[in-house]
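Student: Pasting a structure below so you can have a look.
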Amino acid sequence: MNLIKLLDNKNIEVAEQIIKLQKASYQVEAEIIGFIQIPPLLENPEDIINSEETYYGYFVEQDLAGIISYSIEADVLDICKVAVHPDFFKRGIATQLIRLVEQTEGINKILVFTGLKNSPAVTLYTALGFIKMHEREVAKGVFIVSFEKQLSKSPIL
-16 MNLIKLLDNK NIEVAEQIIK LQKASYQVEA EIIGFIQIPP LLENPEDIIN SEETYYGYFV
44 EQDLAGIISY SIEADVLDIC KVAVHPDFFK RGIATQLIRL VEQTEGINKI LVFTGLKNSP
104 AVTLYTALGF IKMHEREVAK GVFIVSFEKQ LSKSPIL
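All residue numbers for the sequence shown refer to the working numbering, where the first residue is -16 and numbers rise by one.
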C-alpha cells in the first residue's frame, strides 16, 4: 500500500531516513547537471532536525520512496526539496507529492528551483503548470532555474 504522511523531521530516525533518500536522489541530479555541491547532498541528520521546513513522505509499503519539503511565507509556498529514491523513479511519486502541497490552505503561489540541466525535473514542473521564470549561475557553468505556479482559488460564496 502507498501512503503519503507528514514526517516528524525532529525525530533522529526519521531525519536519518530523509538523509538516506536525499543522498540517493540528489546524487542522480548531481550526475545529470555535473555539479556535486547540491545543498541536500551536503546535509546531515542534524540539519534535517534543525530545519523549519515541513516534510511529507511517500511510502511504498514500509519504504520511504519520496519526500517533499517546503516553507511558507505569507501566501507563497516555497518547495525546498522534492526527492524520490532511484528505485522508485517514474512512478508518479513526485507528482503526487507536489499535488499534495498545492492543496495547502491559504497559499496563492508556489515557487521551486532546480538545476537547469535537470531535464526530468524541468519536464515535471512544466507538465504540472509551473512557469519558468529566471536562470541564475550558481557556480561556473552551473545554472539553476526558478519556476512558479499561480494557484487559482475559487472564491468563497
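Glycine included, every Cβ here is placed at the ideal spot set by N, Cα and C.
Given the structure is predicted, the values throughout are model-derived calculations rather than measurements.
1. Leaving out five residues before and five after Ala57 in sequence, what residues of the same chain have Cβ atoms less than 8 Å from its Cβ?
2. Quick check on the burial criterion: 16 or more other C-beta atoms within 10 angstroms. Buried or exposed for Gly124?
3. Note down, one range per segment and in chain order, each beta strand (DSSP E) of at least 3 residues found wholly within the segment 28 to 73.
4. Give the straight-line distance between the Cα atoms of Leu60 and Ile90, rounded to the nearest whole angstrom.
5. For Ile(-5), tell me which candidate among Leu(-14), Asn27, Pro23 has the shortest Cα-Cα distance.
6. In the DSSP assignment, find the beta strand (DSSP E) that holds Glu131 and state where it starts and stops.
7. Do Val128 and Leu99 have their C-beta atoms within less than 7 Å of each other?
8. In the DSSP assignment, what residue or residues form a beta bridge with Gly89?
9. Would a C-beta distance cut-off of 7 Å place Tyr41 and Leu(-10) closer than the cut-off?
10. Does Ile114 come out as helix, strand or coil in the three-state DSSP assignment?
11. In whole angstroms, what is the alpha-carbon distance linking Lys6 and Gln86?
12. Considering only C-alpha positions, which residue in the set His117, Ile15, Lys(-12) is nearest to Leu94?
13. Out of Ile21, Leu(-14), Asn33, which has the shortest C-alpha to C-alpha gap to Gln45?
14. Could you check which residue in Glu12, Gly49, Ile1 has the C-alpha nearest to that of Asn101?
Tutor: So, to answer that:
1. In its own chain, leaving out the 5 sequence neighbours on each side, no residue places its CB closer than 8 Å to the CB of Ala57.
2. With fewer than 16 Cβ atoms within 10 Å of its Cβ, Gly124 is classed as exposed.
3. Whole beta strand (DSSP E) segments, 3+ residues: 37 to 43, 46 to 56, 59 to 67.
4. C-alpha separation (whole angstroms): 6 Å.
5. It is Asn27 whose Cα lies nearest to the Cα of Ile(-5).
6. From DSSP, the beta strand (DSSP E) with Glu131 extends over 125 to 133.
7. Going by beta carbons, Val128 and Leu99 fall inside the 7 Å limit.
8. According to the DSSP secondary-structure assignment, Gly89 is paired through a beta bridge with no residue.
9. No, they are not a contact pair.
10. Judged by DSSP in its simplified three-state form, Ile114 adopts strand.
11. Approximately 27 Å between the Cα atoms of the pair.
12. For Leu94, the nearest C-alpha among the options comes from His117.
13. Out of Ile21, Leu(-14), Asn33, the CA that lies nearest to the CA of Gln45 is found in Leu(-14).
14. It is Glu12 whose Cα lies nearest to the Cα of Asn101.
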